[in-house]
Amino acid sequence: MSAGYTERGQGSAAADFLAEHAQVLSIAAFFALCLVFFTVMTDVFLTSGNILNILRQAAPILIVAVAMTFVIITAGIDLSVGSQVALINASAALTLAAGVPWPLVILAMLGLGALIGLGQGWFIAYQGIPAFIVTLAGLSILRGAALYMTQGYSIPIRDVPGFFYLGRGTLFDIPVPALVAVGIAVIGGVVMARTLYGRRVVAVGSNPEAARRVGMPARWTIASVYMLTGLASAVAGLLIAARLGSGSSNAAVGFELQVIAAVVLGGTSLFGGRGTILGTVLGALTIAVIGNGLILMHISPFFTQIVTGAIILIAIWLNTRIFTANFSLRRRG
Amino acid sequence: MAQAAHTDIMAPEGSVPSGKPAAVAPVPRISLRGIRKTFGSVEALRGVDLDIAPGECVGLIGDNAAGKSTLTKIISGTYVPDAGSIAIDGQAVKFASPADARARHIEMVFQDLSLCDHIDVMGNLFLGREETRWSFLNTRSMRVHARAMLDDLDIRIPRLNAKVAQLSGGQRQAIAIARAASFEPRVLIMDEPTSALAVAEVEAVLRLINRVKARGVSVILITHRLQDLFRVCDRIAVMYEGTKVAERQIGETSLEDLVKLIVGKGEEL
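These protein sequence lines map, in sequence, to chains A and B. Counting along the first sequence from 1, when you hit position 275 you're at 275 in this note's numbering, and nothing is skipped either side. Counting along the second sequence from 1, when you hit position 126 you're at 459 in this note's numbering, and nothing is skipped either side.
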């Protein structure tokens, strides 16, 4: 009598696995392809020196992209991360130049980043202004604040070896920024997949009204993800300042686009609900490897931008196609 | 025929006297008095009274915009009434949010089901009630309980880690009902649970409702499929333009009678 009712939804486990992980599998395959391509085309790409260099340079993007994954999974966006990085970068240099001890500066900058993010999150979650608008305003305001504080000059940081170690040092031959980035990515991945907070983020992005109806703190969850991008931007800003030994209001121009590209390339849906930290890590590394590889091939850096943009467009187009193909396949079965 | 089906449903309840239509009815499970709600210039509800006994299923019917959904959303805490009182087991309550109603064990299955498509079956069953250890999801324990919840209501879903988007309409409906029915609800409200379902799936949902009822849960069922009412309901309340115009015991009414009541010609005829 109810055979039709109970027999639905059964299919091969392998097909389900492929469908569920199509996004991550495709970006992983593309990443591997890039590695092979640049290894064959250049002599120096696959040397430990170059790999560590890529990791060191990719660290800030990777760190912010992990937080941005949370934001985009709630169907939001944070356009202000580049400006936040610049503001923290400049503030850190100014306070260090004023003689404040560096551990204190780090704590203060992390606090400032979290506060800025929470402020934007409040407008988005509690005042109902679209994230695009709030963070677009933030992009302008925060970059302006950084410019105003530094008057457009680069602020040198002198004689704080402890601070410089964060950007330039190595631990077990691995650059410290890369270790920080990997640590944050691992924490982000665990939080997203295994904790109550991660579940709330996905639920709010998937169906905000359902999340509210079952009693989840939907607004706080949305506000809090912008605090995460603020915090991550602060970490990125500090690492960049420590690596370059200076703070500048012109740091991280176009950074937000690279971060968003990394997240979307990693298979996170801009419509919310779907995304993985593993995909984001692969996306960020892919972008870093393409940039690095094209330079090693002596291709004009201007051309690199064109290639990166084109690859993002094609990759996301393919992702969309794969996803919809699986969808119709399932419905037919 | 309708009568026969009705007694058949009542049979498994056996000794639960409260399941019988509210003839004796000591304290109603939920009691609404003079509920009013206005949206701008529209009087959505114009003073509605309704009592429901434990284990009783009341069918709420009426034309579109008669106020059925508004009434259930007030009971489930989504809307706050402008006037009137709600009492649960004789105790006056006020709901400011869905969480308040949920704390009083009032559960609602929404017409849109309120499932998260990107979360698996188990996650949806425990949505908002996740079992955690040190704020980590306790997947192992939830899997055991989710299986028990589904078995308890005789819902067969092969993979608990399937995404809800992959399931059929009936399975999605079953998950939404299981979620509402499994955490010891006292009142279960269902808004159009069978509207989008195929025949076999409707049968499964109706059997689910009877199983929930048999546990002593009060059920409010909104539906446009009048034939379903005779399968599960004890009593029918008819809404018209924001008021309750009639109440019928299921044995004392017929399809034609209900249709007349809905379109507003019942009293004249």
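Glycine included, C-beta positions come from ideal geometry on N, C-alpha and C.
Original post:
Along the segment 208 to 236 of chain A, what residues have a CB closer than 8 Å to any CB found in chain B?
Top reply: E209, A210, A211, R212, R213, V214, G215, M216
Original post:
So, using beta-carbon positions, are A/V235 and A/G113 closer together than 9 Å?
Top reply: Taking the C-beta atoms as reference points, A/G113 is found nearer than 9 Å to A/V235.
**OP:** Over the uninterrupted beta strand (DSSP E) stretch that includes B/G380, give me the two end residues.
**Re:** 375 to 385
**OP:** With DSSP collapsed to three states, give me the class of B/E464.
**Re:** coil
Subject >> Per-residue contacts from A/V64 into chain B (C-beta, under 9 Å) >> reply: Correct list: empty, because the minimum Cβ distance to chain B is about 23 Å.
**OP:** Please work out which residues of its chain come closer than 7 Å, Cβ to Cβ, to B/H379, disregarding the five sequence neighbours upstream and downstream, and give them in chain order.
**Re:** The sequence shown places Arg at residue 379 of chain B, not His. Contacts found: R369, G575, T576.
Subject >> In DSSP terms, what B/V391 is bridged to >> reply: B/I553, B/R568
**OP:** Give the secondary structure of B/F516 by DSSP, where H, G and I count as helix, E and B as strand, and everything else as coil.
**Re:** Looking at B/F516 - three-state DSSP - the assignment turns out to be coil, as it is neither helix nor strand.
Original post:
What residue does the alpha helix (DSSP H) around A/I187 start on, and which one ends it?
Top reply: 176 to 194
Original post:
In chain B, what lies closer than 9 Å to A/Y165 by C-beta?
Top reply: Neighbours of A/Y165 on chain B: none; closest Cβ ~32 Å, over 9 Å.
Original post:
According to the Cβ coordinates, are A/T276 and A/T69 closer than 9 Å?
Top reply: Closer than 9 Å, so yes.
**OP:** Could you pull the start and end residues of the beta strand (DSSP E) that B/S364 belongs to?
**Re:** Taken as a continuous stretch (DSSP letters only), the beta strand (DSSP E) holding B/S364 covers 363 to 372.
Subject >> Partners in chain A for B/I452, counting only beta-carbon separations shorter than 7 Å >> reply: Residues of chain A passing the Cβ test: V202, A203, S206.
**OP:** Pick helix, strand or coil for A/S249, following the three-state DSSP scheme.
**Re:** coil
**OP:** Assign A/G76 to one of three DSSP states: helix, strand, or coil.
**Re:** coil
Subject >> A/T308 classed as buried or exposed, judged by whether at least 16 other C-beta atoms fall within 10 angstroms >> reply: buried
Original post:
What is the C-beta distance between A/V121 and A/R243, in whole angstroms, given that I count them as a contact (C-beta under 8 Å)?
Top reply: In the sequence as displayed, the identity of residue 121 of chain A is Gly instead of Val. Between A/R243 and A/G121 the Cβ distance is about 28 Å, and since that is not below 8 Å, they are no contact.
**OP:** Check whether the Cβ of A/T229 lies closer than 8 Å to any heavy atom of the ligand GDP, and answer yes or no.
**Re:** Questions concerning the ligand GDP fall outside what the structure shown contains, since it holds no ligand whatsoever.
**OP:** Classify A/F163 as helix, strand or coil using the three-state DSSP reduction.
**Re:** helix
Subject >> Closer than 9 Å to chain A by CB, B/K577 >> reply: For B/K577, not one C-beta of chain A is nearer than 9 Å to its own C-beta.
Original post:
From B/P359 to B/I522, what distance separates their C-alpha atoms?
Top reply: 22 Å
Original post:
Does DSSP put B/G581 in a helix, in a strand, or in coil?
Top reply: Here the sequence assigns Arg to residue 581 of chain B, which means Gly is not the residue at that position. In the structure shown, B/R581 sits in a strand (DSSP, three-state: E or B).
Subject >> Cβ shell of B/E464 (< 6 Å), same chain only, five flanking positions each side left out >> reply: N471, S474, M475
Subject >> Min CB distance A/T195 to chain B below 9 Å >> reply: Closer than 9 Å to some Cβ of chain B, the Cβ of A/T195 qualifies, so yes.
Subject >> Reduced DSSP secondary structure (H/G/I, E/B, other) of B/T586 >> reply: coil
**OP:** Going by DSSP, name the residue or residues bridged to B/L521.
**Re:** DSSP, once it has assigned bridges, lists B/E440, B/V552 as partnering B/L521.
Original post:
Just how far apart, CA to CA, sit B/R466 and A/G254?
Top reply: 41 Å
Subject >> Cβ-Cβ separation, B/N457 to B/I508 (assumed contact under 8 Å), whole Å >> reply: 6 Å
Original post:
Which word fits B/E589, buried or exposed, when buried means at least 16 other C-beta atoms lie within 10 angstroms of its C-beta?
Top reply: That one is exposed.
**OP:** Classify A/M227 as buried or exposed, calling it buried when 16 or more other Cβ atoms lie within 10 Å of its own Cβ.
**Re:** A/M227 comes out buried.
Original post:
What number of angstroms, rounded off, separates the C-alpha of A/I88 from the C-alpha of A/G138?
Top reply: 14 Å
**OP:** Would you please verify whether the beta carbon of B/G456 is less than 9 Å from any beta carbon of chain A?
**Re:** yes
**OP:** Measure from the alpha carbon of A/L110 to the alpha carbon of each residue in A/L231, A/V259, A/G189, then state which is nearest.
**Re:** A/L231
**OP:** Answer yes or no: does any C-beta atom of chain A fall closer than 9 Å to that of B/P431?
**Re:** yes
Original post:
Do three or more CB pairs link the segment 24 to 41 of chain A to the segment 203 to 215 of chain A at distances below 8 Å?
Top reply: no
**OP:** Reducing DSSP to helix, strand and coil, say where B/V493 ends up.
**Re:** Here residue 493 of chain B is Leu; the residue named in the question, Val, does not match the sequence. It is coil, neither helix nor strand.
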